[in-house]
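To start, the structure itself, in structure tokens.
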């Protein structure tokens, strides 16, 4: 059940280590090319995954209701506020400023986002590790880029990713008694749509606040209790 989480964590450790060996940073041209390739990969995963949905009307309603909830509580803003709080708790001054800065920056990039939620949910609910394995590739390359510039703190972020995603996988596994295959497929489709948008955001085609749509993933559970 935790296979995808473990691979994702090891990818961060490996990528961060390689980044430290590079140590001089990657050129902006190469960095942009890598991120565009990763964005296309996320779009591919999103497009193929969203086809698993079985109830189009439920998926649309989930997105609408989830977006309303996300905007109401302004989840995206709260995530950025958390980042600011962490920055204050771990100031970047001192003997090794890159340690704290690398940890904070990498944690926010790799532990916050649609794939960080959808991936563990899929692993726990259906044993499908596709999203987490894809995320492992993305996080591994991202770790190389970040660690080459920000130092060893990027590697430490792997610990937070393991705990965060492992907890989601654990609790998701307890839902298999109430979730039907149809509901799981609809949840996967909603998550895949968010992954698609995430890829478009990376390419700067869209500028949607993806985190404000994350509550849509849980809306199918409401349909279960009311239906």
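In this note's numbering, the protein residues as written are 2 to 228. All residues carry an ideal CB built from backbone N, CA and C; glycine is no exception. Only a predicted model underlies this, so the values are computations on that prediction, with no experimental measurement involved.
For residue i and residue j, what's the separation of their Cα atoms in angstroms?
i: residue 190; j: residue 203; result: 20 Å
i: residue 107; j: residue 183; result: 35 Å
i: residue 175; j: residue 54; result: 22 Å
i: residue 145; j: residue 6; result: 19 Å
i: residue 51; j: residue 141; result: 25 Å
i: residue 19; j: residue 227; result: 50 Å
i: residue 193; j: residue 23; result: 34 Å
i: residue 8; j: residue 205; result: 29 Å
i: residue 41; j: residue 196; result: 11 Å
i: residue 181; j: residue 219; result: 14 Å
i: residue 68; j: residue 165; result: 23 Å
i: residue 46; j: residue 116; result: 10 Å
i: residue 43; j: residue 135; result: 8 Å
So, is residue i buried or exposed, given that buried needs 16 or more other C-beta atoms within 10 angstroms?
i: residue 28; result: exposed
i: residue 151; result: buried
i: residue 74; result: exposed
i: residue 207; result: exposed
i: residue 199; result: buried
i: residue 215; result: buried
i: residue 225; result: exposed
i: residue 12; result: buried
i: residue 10; result: buried
i: residue 217; result: buried
Can you list, in chain order, the residues of its chain whose CB lies under 6 Å from that of residue i, leaving out five sequence neighbours each side?
i: residue 129; result: 123
i: residue 76; result: 212, 213
i: residue 126; result: 173, 185
i: residue 103; result: 151, 152, 154, 155
Leaving aside the five residues before and after residue i along the sequence, list all residues of the same chain whose C-beta is less than 7 Å from its C-beta, in chain order.
i: residue 36; result: 203
i: residue 187; result: 54, 55, 56, 59, 60, 221
i: residue 161; result: 108, 112
i: residue 3; result: 167, 170
i: residue 96; result: Legend: pLDDT at residue 96 = 46, less than 50; position of this residue unreliable, value from coordinates given subsequently. Cβ neighbours of residue 96 beyond the five flanking positions: none.
Return the chain-ordered list of same chain residues with a C-beta closer than 8 Å to the C-beta of residue i, the five sequence neighbours on each side being excluded.
i: residue 32; result: 146
i: residue 21; result: 148, 149, 152, 153, 156
Should residue i be counted as a contact of the ligand GDP given a C-beta to heavy atom distance under 7 Å?
i: residue 225; result: This structure does not include the ligand GDP; it has no bound ligands of any sort.
Ignoring anything shorter than 4 residues or poking outside the region 124-163, list the alpha helix (DSSP H) runs there in chain order. 131-151
At what residue ranges does the region 165-224 contain a whole run of the beta strand (DSSP E), taking only runs of 3 or more? none
Report the residue ranges of all alpha helix (DSSP H) runs contained in full by the region 40-77; include only those spanning at least 4 residues, in chain order. 57-74
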